[in-house]
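First the structure, in the form of structure tokens, and then the observations on it.
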Amino acid sequence: QVQLVESGGGLVQPGGSLRLSCVASGEGLLAINTMSWYRQTPGKERELAAVITSGGNTNYTESVKGRFTISSSRENDRKTVILQMNGLKPEDTGVYYCNAALWKLYWGQGTQVTVSS
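If you use my numbering, the sequence shown corresponds to residues 4 to 120, in order.
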């Protein structure tokens, strides 16, 4: 099993930045294939925003390319995935969920991001 704890959401003005953090821990840590950030914006289905593989390869949905950066680091008993979000727009508003893919998918509790003036 894997536990995911997210932090870093909040309210920011358009053009601002936020840094989301997701800490993964548990017995399944070594079995994690990919970690991702999904988001659910009002009126839309949950969508993949950014993903990073265990080998460090990254991919982004088109609307966040050039503005968001996903990265990861590993300590002995935990893995941290960061989503650095710059140039935020009102349409980035939503709940952001951390995801870890092993033999099943694990989800964090979600963190609210609000971009508004």
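C-beta: ideal position from N, C-alpha, C; glycine also. All figures in this text were calculated on a predicted structure; none of them were measured in a lab.
| Query | Result |
| --- | --- |
| Quick one, which of Lys82, Pro45 and Leu14 has its alpha-carbon nearest Ser28's? | Lys82 |
| Does the beta-carbon distance from Arg70 to Gly90 come in below 8 Å? | yes |
| Let me confirm a value: Gly18 is counted as buried when at least 16 other C-beta atoms fall within 10 Å, else exposed. Which label applies? | exposed |
| Candidates Asn36, Ile55, Val84 and Asp95: which alpha carbon is nearest Val67's? | Asp95 |
| Would the stretch 112-119 count as touching the stretch 46-62 if we require 3 or more Cβ pairs under 8 Å? | no |
| Kindly provide the ranges of any beta strand (DSSP E) runs that are 3 or more residues long and lie completely inside the stretch 26-61, ordered along the chain. | 37-43 and 50-56 |
| Evaluate Ala34 with the Cβ neighbour count: other Cβ atoms within 10 Å of its Cβ, from every protein chain shown; 16 or more gives buried, anything less gives exposed. | exposed |
| What does Gln87 pair with, by DSSP beta-bridge criteria? | Arg22 and Thr72 |
| Can you tell me the Cβ-Cβ gap for Gly11 and Ser20, rounded? I've got them flagged as a contact below 8 Å. | Contact flag wrong, Cβ pair sits at about 11 Å. |
| Exposed or buried, Ser39, counting other C-beta atoms within 10 Å across all chains shown (16 or more means buried)? | buried |
| Pull up the distance between the alpha-carbon of Lys107 and that of Ile85, whole angstroms please. | 21 Å |
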